[in-house]
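Residue 301 is where the sequence shown starts when you use the numbering used here, and the numbers rise one by one after that.
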Amino acid sequence: MYKKILVAIDGSDSGMHALRESFKIASRITVVAVLPEYSGDLDMVGVGNLMASMKKPFEQTLSQAKAMARAEGAMLRAVLEEGDPYEKIVDIAEAENADLIVMGRRGLHTVERALLGSVTARVIGYSQRDVLVVPEHASVGWQKILLATDGSKYSRMASEKAIDIAKAFGGELKAVSVVDVPSDLYGVSPDTVEKMVQESKGYVEEIRQKADAAGVKTETFVKEREAYLAITDLAKEESADMIIMGSHGRTGLRRLLMGSVVEKVIGYASCPVLVVRS
């Protein structure tokens, strides 16, 4: 499904783990490490030595990545850039015409769950490429795919990608749509809630029909709960290898950076999350 992959690493264990898992997807990979721009006094004596010292750990990380690729028999091109990490990652993905950007995610500590303003959130918001976020101890697999849909055009793109992937790898699909409304709405307007439930049933039924036509085994779910919890809990219950979602992307960047469902699913999921953008 993906032939050209860009993997962003920063020297962390999670980044190197994401690279290691990327070898399962493709054998031709570009790996990028981005050194943040120096914001100090450029006229300061010894700034050249300081920049060399700043570059050294990034160069060591790329050398380690090359060694990993050799051990896996993969072709890897290493790139060291200087600038804003998310801008460089997005720009290189475009220049390389990458099909997929892969990024790691650290553990499940509260601070690390909050992607507000993070490189990951901004890459998803600005890039037109699909983004795969791999938790530090998770494995990439395609046998059990959980597809989350809200009926939007972005979710439809994600459903097409999920069906194609499931068909290519002989996997099965779990399609879920979540009704996430304030609890008091049940008492004030139960008809509105019931209408939303019926709409959600229609969304997953449409996916089931398309998957059936492609020969992909599919099971559907409609949940009434806070969306990110419903999705991540279902992924655990069904032992999903992958969660696939669409993203509203650049037009919804403010929402993405302010606690969107996509952001929270990425932060709380125990399996990799594929955000479809193309």
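Glycine included, C-beta positions come from ideal geometry on N, C-alpha and C.
- Burial check for glycine 315: the Cβ neighbour count within 10 Å reaches 16 or more, so the residue is buried.
- Scanning its chain for C-beta atoms nearer than 6 Å, with the 5 sequence neighbours on each side dropped, one finds around methionine 496 the residues Val479, in chain order.
- Alanine 448 is bridged by DSSP to Val476.
- Between alanine 398 and isoleucine 463 a beta carbon distance of about 22 Å is seen, past the 8 Å cut, so the two are scored as non-contacting.
- The beta carbon of valine 379 sits closer than 6 Å to those of Val332, all from its chain and outside the five residues before and after it, given in chain order.
- Its chain contains Pro357 and Thr361 as the residues whose beta carbon lies nearer than 6 Å to that of glycine 311, once the 5 sequence neighbours on both sides are disregarded; these appear in chain order.
- Straight through space, the alpha carbons of aspartate 384 and arginine 422 are spaced by roughly 11 Å.
- Taking a C-beta distance under 8 Å as the contact criterion, threonine 449 and serine 439 do not qualify as a contact pair.
- Counting along the chain, isoleucine 424 sits inside the alpha helix (DSSP H) bounded by residues 419-426.
- In the displayed model, alanine 378 falls within a strand according to three-state DSSP.
- Exposure of glutamate 394 is indicated by the presence of fewer than 16 other C-beta atoms within 10 angstroms of its C-beta.
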